[in-house]
Every structure is written in structure tokens, then in C-alpha cells.
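Student: Got a structure for you, questions after.
Chains as they are written, first to last, in this note's numbering: chain A, 9 to 474; chain B, 3 to 123.
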């Protein structure tokens, strides 16, 4: 169903602001850059997922393609600004600040299919929907996001978040708020042990587990009883963060701030009633790109695999293993070999075109890439997918390549952050957007950007304006 | 990031506060206009109290701007942090002066009028 614009005579304040923003942005764009030419086509384009990637593509293609039949498959009426969840779970934002209705972003002329996709028949160019119906496509954009696999941690469910001292920033808007409450409860206890975990798979916003540790440290320090609290960070690999400088910085800062680091452990089970967590030692050489690969290594019993450690906690921050959604994993579009096999969408990480189905493109969290599961990556990927899809429709060579740009405003305490931007090349070298902000320095300006500027920037990306 | 990108994002960031910016500007223009109609001239009128008050408001921003951004002065660390904060402080000081300076003129005028009324037979 397409979105219809409301009667202008009944504009409320929010609509007025939206229209003002859109008009202002359009004016700025018109004044400062030339628009890409529209293409006339009757192609059927299906976009799976209305998150950051899917919505940005719907808006871009609705503007760029004249006559195309674009369908956006998105069951949720609400759009969640997920980069804000760390601020919610840190007690800085209210949960409601991250939610907006999807009607605000779905462009006119796009058919919004309000139900989930359940399958992809890539050979016959068909997407299956939850009501049993099917959508045929000429071109497909997979922007389904990823799946949180809490079930791979024995005893853990997302419903536990907020109770029994369990927090998890990833489990949704309300869970982020409950995580903040659980931290408050722990701080109010006046002491005890907090465990912060990381997952042995690629995760969205890979900095979030680190940010949660840093902001919790801020809250403990603000309580005036920091010394009464134990903090541990359990990492499945040797690294804590992909970008080498930041990895070393975080390790050093954890050491200075009294966070005990334990490497090569993954959270394998949890007993909420007893407040005990079981960690599996995954071997000294463990650097994994997929849960599949990790399990394989564990089951082969290489190194010291299978050694279990059970520890008690007063608060634990759980980061679940993540993968492409099950219906993508069950399709022909999933990677068949390499580090992402069986877990992530098989795309060329530069052109974002599927490696075996040229009419399929991927964007956002679902793609098999060494980094890039952030909204900032979507900002960089969306113009690439747009240009390359348009070229594919015209039978031309793909003109743009994604350089792997991703950004993580690494919050190192409530009130300060590092604006970390990097890409695939030169061992994840920095790609700073602003020459006057050094990605290696903590700063107030980077914090203000995270707190005040990135959400508007995100909405500009959704609307295809940035 | 391109200038167009920066401007677009700035526009999105400011859009929810347009009403506040417009209201603030309207207040500023109104006070300036009323004062001008009553003989106020920006650089001809001298008032040490208004100048000091504007200075105090500006300097207080060193404390409340970081607080408003849920941070603290201790976290102003880089050169760019200081440039941004001092620019904001100067902006606050300027706006405060543009408001307080004509206001003091109007208040003095009102007092003078009240005095002349009291003194008249």
C-alpha cells in the first residue's frame, strides 16, 4: 500500500517540521549538487526490509526510477533508531526518542507490503510472504537486517533482559531501557560483579558492547563507590575492536579503569535464577567471523576447546550471536563458502551485487562483510547500490565501489567519545569525514555529534537526502 | 563529507528547533526595534551593568553548555572542542548583549519617565 500525503490544511506541528526539513534539504541539495538523471523503466523491484538500508533504497529508487514498480516488504509500523539504543541503555536518552512511525519515511509511489518475508526463491525471482502469497521481482534488494540468536546461549531469551541482573542493548527499544534499569539496580546494590560479553560472530554496531562497558563505568564512578564493583570483559577473540588503533586504545583504557579482560571465551549458557554464566574457552587462536566457524572449531576440539568456566555475576551484559535471518539463510542467496558461509548474504563487498545472482543486491547488516554493520555504512552503501542497480537495469558496467566505510562514535564515558571512521583498506585505516576531528582522540565534539547530530543525519539518510 | 552533506544534516538537526530559533529572533528584533523607536543607538548608549551581565551570561555558558549536552567541562579536551565551545560562548554573550543592552536602555527610560511623573506638580 502506498503512503498518501495528508491534507495540507490539517498539518500538525510534526508534519510541518517534516515538510520544512524536506523542503530545506531539497533546496540545499538543489543549490549545491546536480541530481542524477531519472531512468524510465517498468522493472519490478522488491526491497526486503524497511530498516536503514531498505528505507534509504526505497526513497532513492522512488526518486531515481520513473515507472518502476517498487515494493517494500516491512511488517513494522514503527521505525526504530537503533544507534540510539546505547544511549537509552546508558540512561542518557528516553526509549521513546528512538521511535518514529514508518509512514513518515515510506515514499509515495512505493508499495508498502506490511508483512514479513518468509522465503526467497532466487532461481524463479520470487519472494514468499507470511500470508502464503508471493511477490515476483526483476531486481531484488536484500536489506532484511540480521537475526539475534539468543537461543544459541543456553537458558537465555530476550524476555529475560531487565530481570535477574541481565542486560542486553541489542534486544530492542524497551529492552535497552530495561538494561538501563538493571544497571541502576546493580549500582544501587553498592557493589558486586558485572560481566560484559561480546559475541563470536559479526555483530551490528560492534562498538556497542564496549560502549556499554564504558558508560557503566561512568555510572559506577558517579556513584562514588567504584572500588566496590568488579568489572570483567569476556571476549571470544584476542581483539576487542576491528580497527587496530582503537582496539589497543580500548584495551589500555579497560586496564587503566580496572576492567579485567579475559580473552577467547564465549558466553555459552546462563542460569538467571542462580545468576551464573557459563563461558566456553574457544582456543588461543580464536578469531572468528561466524558462529558456524566457531562451533566447527570448538567441536573439532582444537587447542583447549570445550573447557567450561562457570562464574557468578550481579549484572551481565549479554551480546547474542548474530546471523542473517533464517529465511535468508535457507535461500540460495546465502554464502556457500568462505568465512560467511551459511550465515550471511553472499555479495561482492565492493559492488554490493550478489556473487551468483546479478539481479540481486544487498545492503546493511545482512551482507557478508568483515565490517559494516552500522547505519553509517548504510549511508555509504546506499549511493553505491543505487548507482549499480541502475547500471544493471541498463545493462552497463557497475560504476561505483563501496570502500567499506563505517563509523562508530566510540563512547568512552558519558559525555565524551571518539569519532572512529574507517574502511576495508590498509588494515582498516581511518577515513575521517572532518579533518579537524582526530579519530584517535576522545572529545566532547564527538559526543555532541553522537548525542545530537547523528539521529538527524540518520533520518536524512532514510529519506535519501544524505 | 561534502559541504552539501553537512548543510543537509545541519538542516535536519535544526528543523525541530526552528520555532525556538524564530521565537528567539522575534524577541530580539522586537526589543531592538522598541528601543530604537525610543532613541536607543547600539554604540552610542553606554551601560556597564548590561555589558557585565552579558559577559557573565557568556561565561556561565562554559558551565551550562557542556551540561546541556549531558557532558562536563572536564571533557572539553581537543583544540576543536575548545574552538567550538568558545564560539558558542561568544555567541551566547553576543545575543545576551543584544538583548540586555537595549533592555537596560528601556528600563532606564521607564525609571526616568516614572521619576518625571513623580516630580511633576
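Note that the Cβ used here is the ideal one computed from N, Cα and C, for glycine as well. Every value quoted in this text rests on a predicted model; they were computed, and no experiment measured them.
1) With DSSP collapsed to three states, give me the class of residue 73 of chain A.
2) Please classify residue 144 of chain A: does DSSP put it in a helix, a strand, or coil?
3) Is the separation between the beta-carbon of residue 72 of chain A and that of residue 398 of chain A shorter than 8 angstroms?
4) Start and end of the beta strand (DSSP E) containing residue 162 of chain A?
5) Residue 375 of chain A: beta carbon under 7 angstroms from a heavy atom of the ligand ZN?
6) In chain order, what residues of the same chain lie with their CB nearer than 8 angstroms to the CB of residue 54 of chain B, ignoring the 5 residues before and after it?
7) Taking three-plus beta-carbon pairs below 8 angstroms as touching, is the stretch 438-451 of chain A in contact with the stretch 393-410 of chain A?
8) With 8 angstroms as the limit, tell me which residues of the stretch 421-446 of chain A have their beta carbon closer than that to any beta carbon of chain B; keep them in chain order.
9) For residue 196 of chain A, does the count of other Cβ atoms within 10 angstroms reach 16, so buried, or fall short, so exposed?
10) My assumption, with CB atoms under 8 angstroms, is that residue 350 of chain A sits in contact with residue 153 of chain A. Please give the rounded CB distance.
11) Taking 8 angstroms as the CB-CB limit, is residue 327 of chain A close to chain B?
12) Keeping to the same chain, check which residues put their C-beta closer than 7 angstroms to that of residue 42 of chain A; ignore five residues upstream and five downstream.
13) Measure the alpha-carbon distance for residue 278 of chain A versus residue 269 of chain A and round it to whole angstroms.
14) Could you tell me whether any Cβ in chain C is nearer than 8 angstroms to the Cβ of residue 451 of chain A?
15) With which residues is residue 253 of chain A paired in a DSSP beta bridge?
16) Here's the rule: buried if 16 or more other CB atoms are within 10 angstroms of the residue's CB, otherwise exposed. What is residue 230 of chain A?
17) Near residue 365 of chain A, what residues of its chain come up, given a Cβ to Cβ distance below 6 angstroms and the 5 sequence neighbours on each side ignored?
18) Using only the alpha-carbon positions, how far apart do residue 89 of chain B and residue 422 of chain A sit?
19) Tell me which residues share the same chain as residue 56 of chain B and place their Cβ nearer than 6 angstroms to its Cβ, disregarding the 5 neighbours each side in the sequence.
20) Output, in chain order, the set of chain B residues within a Cβ distance shorter than 7 angstroms of residue 251 of chain A.
21) Going by beta-carbon coordinates alone, are residue 174 of chain A and residue 326 of chain A separated by less than 8 angstroms?
22) Does chain A have any CB closer than 8 angstroms to the CB of residue 62 of chain B?
23) Any contact of the stretch 323-341 of chain A with the stretch 148-168 of chain A, i.e. 3+ C-beta pairs under 8 angstroms?
24) Would you grab the beta carbon distance between residue 284 of chain A and residue 235 of chain A for me? Rounded to a whole angstrom, and I think it's under 8 angstroms.
25) Determine the DSSP secondary structure at residue 175 of chain A, reduced to helix, strand or coil.
26) Measure from the C-beta of residue 77 of chain B to each C-beta in chain A and report whether the shortest distance is under 8 angstroms.
27) Within the continuous alpha helix (DSSP H) that includes residue 229 of chain A, where are the two ends?
28) Does residue 443 of chain A pass the burial test, meaning 16 or more other C-beta atoms within 10 Å, or should it be called exposed?
29) Less than 8 angstroms between the CB atoms is what I'm expecting for residue 245 of chain A and residue 272 of chain A, so what's the real figure, rounded?
30) Return yes when the Cβ of residue 356 of chain A is within less than 8 angstroms of the Cβ of residue 80 of chain B, no when it is not.
31) Any beta-carbon of chain A closer than 8 angstroms to the one on residue 83 of chain B?
32) What is the DSSP secondary structure of residue 319 of chain A, counted as helix, strand or coil?
33) Taking 8 angstroms as the cut-off, does the stretch 4-20 of chain B touch the stretch 452-466 of chain A (at least 3 CB pairs, one atom from each stretch)?
34) Restricting to Cα atoms, I'd like to know which of A:63, A:215 and A:187 is closest to residue 202 of chain A.
35) For residue 62 of chain B, which residues does DSSP report across the bridge?
36) Just the C-alpha distance for residue 50 of chain B and residue 60 of chain B, rounded to the nearest angstrom, thanks.
Tutor: In this structure, then:
1) Strand, per DSSP.
2) Secondary structure at residue 144 of chain A: strand, using DSSP grouped into helix, strand and coil.
3) Here residue 72 of chain A is near residue 398 of chain A, since their CB atoms are less than 8 angstroms apart.
4) Boundaries for residue 162 of chain A: no beta strand (DSSP E) harbours it, and the DSSP string shows neither H nor E there.
5) Judged by which ligands are present, the structure shown has none, so any question about the ligand ZN falls away.
6) Result list for residue 54 of chain B: empty, nothing under 8 angstroms.
7) Segments in contact, no.
8) Answer set for the stretch 421-446 of chain A: 421, 422, 423, 424, 441, 442, 444, 445 and 446.
9) Its Cβ having fewer than 16 others within 10 Å, residue 196 of chain A is exposed.
10) Wrong, their Cβ atoms sit about 18 angstroms apart, outside the cutoff.
11) It does not; no Cβ of chain B falls within 8 angstroms.
12) Only weak support exists for where residue 42 of chain A lies, its pLDDT of 42 falling under 50; the coordinates are left without a value.
13) The C-alpha of residue 269 of chain A is placed about 19 angstroms away from the C-alpha of residue 278 of chain A.
14) Protein chains in the displayed structure are A and B, and chain C is not among them.
15) Answer by DSSP bridge pairing: none, since residue 253 of chain A is not bridged.
16) Classification of residue 230 of chain A: exposed, given that the 10 Å Cβ count is below 16.
17) These residues qualify, in order along the chain: 130.
18) Here the alpha carbons of residue 422 of chain A and residue 89 of chain B stand approximately 23 angstroms from one another.
19) Excluding positions up to five away in sequence, the list reads 95, 98, 99 and 102.
20) For residue 251 of chain A, no chain B residue has a C-beta closer than 7 angstroms to its own C-beta; the minimum C-beta separation is roughly 19 angstroms.
21) Cβ atoms of residue 174 of chain A and residue 326 of chain A: closer than 8 angstroms.
22) For residue 62 of chain B, the answer is no, since every Cβ of chain A falls outside 8 angstroms of its Cβ.
23) Yes: at least three Cβ pairs fall under 8 angstroms.
24) Contact doesn't hold; Cβ gap of about 24 angstroms is too wide.
25) In the structure shown, residue 175 of chain A sits in a strand (DSSP, three-state: E or B).
26) Chain A, which has a Cβ nearer than 8 angstroms to the Cβ of residue 77 of chain B, makes this yes.
27) Where residue 229 of chain A is concerned, the enclosing alpha helix (DSSP H) stretches over 216-231.
28) Around the CB of residue 443 of chain A, fewer than 16 other CB atoms lie within 10 Å, so the residue is classed as exposed.
29) Residue 272 of chain A and residue 245 of chain A do touch by the CB rule: their CB atoms are close to 7 angstroms apart, below 8 angstroms.
30) Taking 8 angstroms as the Cβ cut-off, residue 80 of chain B and residue 356 of chain A do not qualify as a contacting pair.
31) At a cut-off of 8 angstroms between beta carbons, residue 83 of chain B contacts chain A.
32) If DSSP states are grouped into helix, strand and coil, residue 319 of chain A belongs with the strands.
33) Using a C-beta cut-off of 8 angstroms, the stretch 452-466 of chain A makes contact with the stretch 4-20 of chain B, since at least three inter-stretch Cβ pairs fall below that distance.
34) For the residues A:63, A:215 and A:187, the minimum Cα distance to residue 202 of chain A belongs to A:187.
35) Bridge partners of residue 62 of chain B: none, in fact.
36) One alpha carbon belongs to residue 50 of chain B, the other to residue 60 of chain B, and they sit about 15 angstroms apart.
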